[in-house]
Amino acid sequence: MTEQTTKAVGYLATAGYIMTIPAANIALHRYGVVSVGFGYKAPAAVFLAGPALVLRDLVQWALGRATAIVALLMAFLLSFAVADHAVALASALAFGFSELADMEVFSRLSPRWVRAVFIGGVVGIVLDSLIFLSIAFGSLDFLGGQLIGKVYGVILGSALVALRRRGTR
-18 MTEQTTKAVG YLATAGYIMT IPAANIALHR YGVVSVGFGY KAPAAVFLAG
32 PALVLRDLVQ WALGRATAIV ALLMAFLLSF AVADHAVALA SALAFGFSEL
82 ADMEVFSRLS PRWVRAVFIG GVVGIVLDSL IFLSIAFGSL DFLGGQLIGK
132 VYGVILGSAL VALRRRGTR
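Those letters in the sequence shown? Residues -18 to 150, by our numbering.
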């Protein structure tokens, strides 16, 4: 991949990443709690958190860690503009801590892309779920559903990375 193509991927991933966080907050407000399968329920935002973690990995890979942090801050500000402030605060804290943990894991494993995306994503979804549910709902009643719903996104993202990497060999 050329440097120009890498940057283009990074810019697209940045835009997608910035939008997923406020979109997750809007989804929660609009749809509330939804089924994630296997008899579990979770806040509707769950389906956007997994992709957000994978998009953040792409931003970091293509444009660097500093750009990923700036994008995270921009997403937080946008969340406060479009979502309920209590949900936006819970989301900001949850995403902030989980993204930083994911970023650290990804940075240590990044030469092994699929593994870095998957393991970093799993660490991120666990932290995000624990923090968000504790602050936004005051309980961990939806923890099982949160983890299942977010794993869907991380698995999809890891599979896409694996297919992309396989196709470039």
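Quick reminder that beta carbons are idealized off the backbone N, C-alpha and C, glycines included.
Who are the Cβ neighbours of Val135 in its own chain at under 7 Å, not counting the five residues just before and after it?
The residues are Gly31, Leu34, Val35, Phe99, Gly102, Val103 and Ile106.
Where DSSP assigns a beta bridge to Lys22, which residues make up the other side? Checking the DSSP bridge columns, you'll see Lys22 partnered with Ser16.
For chain B, check one thing: does any of its Cβ atoms lie closer than 7 Å to the Cβ of Ala71? Going by chain labels, chain B is absent from the structure shown, which holds only one protein chain.
Alpha carbons only, please: which of Ile7, Ser79 and Ser91 is nearest the one belonging to Ser110?
If we check each option's Cα against that of Ser110, Ser79 comes out closest.
(request) Would you mind stating whether Leu53 and Ile112 have Cβ atoms separated by less than 7 Å? (result) At least 7 Å separates the beta-carbon of Leu53 from that of Ile112.
Phe137 vs Phe123 beta-carbon contact at 7 Å: First, the residue type needs correcting, since residue 137 is Leu and not Phe in the sequence shown. Not a contact, by the Cβ cut-off of 7 Å.
Q.
On the DSSP letters alone, give me the boundaries of the alpha helix (DSSP H) that Arg46 sits inside.
A. From DSSP, the alpha helix (DSSP H) with Arg46 extends over Arg46 to Val63.
For this session: Just the C-alpha distance for Val14 and Leu90, rounded to the nearest angstrom, thanks.
Result: Straight-line measurement puts the Cα of Leu90 at about 34 Å from the Cα of Val14.
If you check the beta carbons only, do Tyr(-2) and Arg46 fall under 7 Å apart? Against a cut-off of 7 Å, the Cβ pair of Arg46 and Tyr(-2) comes out as no contact.
Which residue wins for smallest C-alpha separation from Gly130, given the options Glu(-16), Val27, Thr(-17) and Thr1? Residue Val27 is the option with its Cα nearest to Gly130.
Notebook entry, point to check: Is the distance from the Cβ of Val63 to the Cβ of Thr(-5) below 7 Å?
Noted result: In terms of Cβ geometry, Val63 and Thr(-5) do not form a close pair [threshold 7 Å].
Report the three-state DSSP secondary structure of Met(-18) (helix, strand or coil). DSSP, reduced to helix, strand and coil, places Met(-18) outside both helices and strands of the structure shown, so it counts as coil.
> Who are the near neighbours of Pro3 in its chain, counting only those whose CB is closer than 7 Å to its CB and skipping five residues on each side?
Replying inline: So the list reads Ala56, Leu59, Ser60, Val63 and Ala64, once near-sequence residues are dropped.
Q. Smallest Cα separation from Leu9: which of Arg96, Val86 and Ser72?
A. Nearest of Arg96, Val86 and Ser72 to Leu9, Cα basis: Ser72.
Inset, instruction - List the endpoints of the continuous alpha helix (DSSP H) containing Asp83. - result: Start and end: His66 to Leu90.
Within 7 Å, strictly: CB atoms of Gly126 and Ala23 = Result yes, Cβ atoms of Gly126 and Ala23 sit closer than 7 Å.
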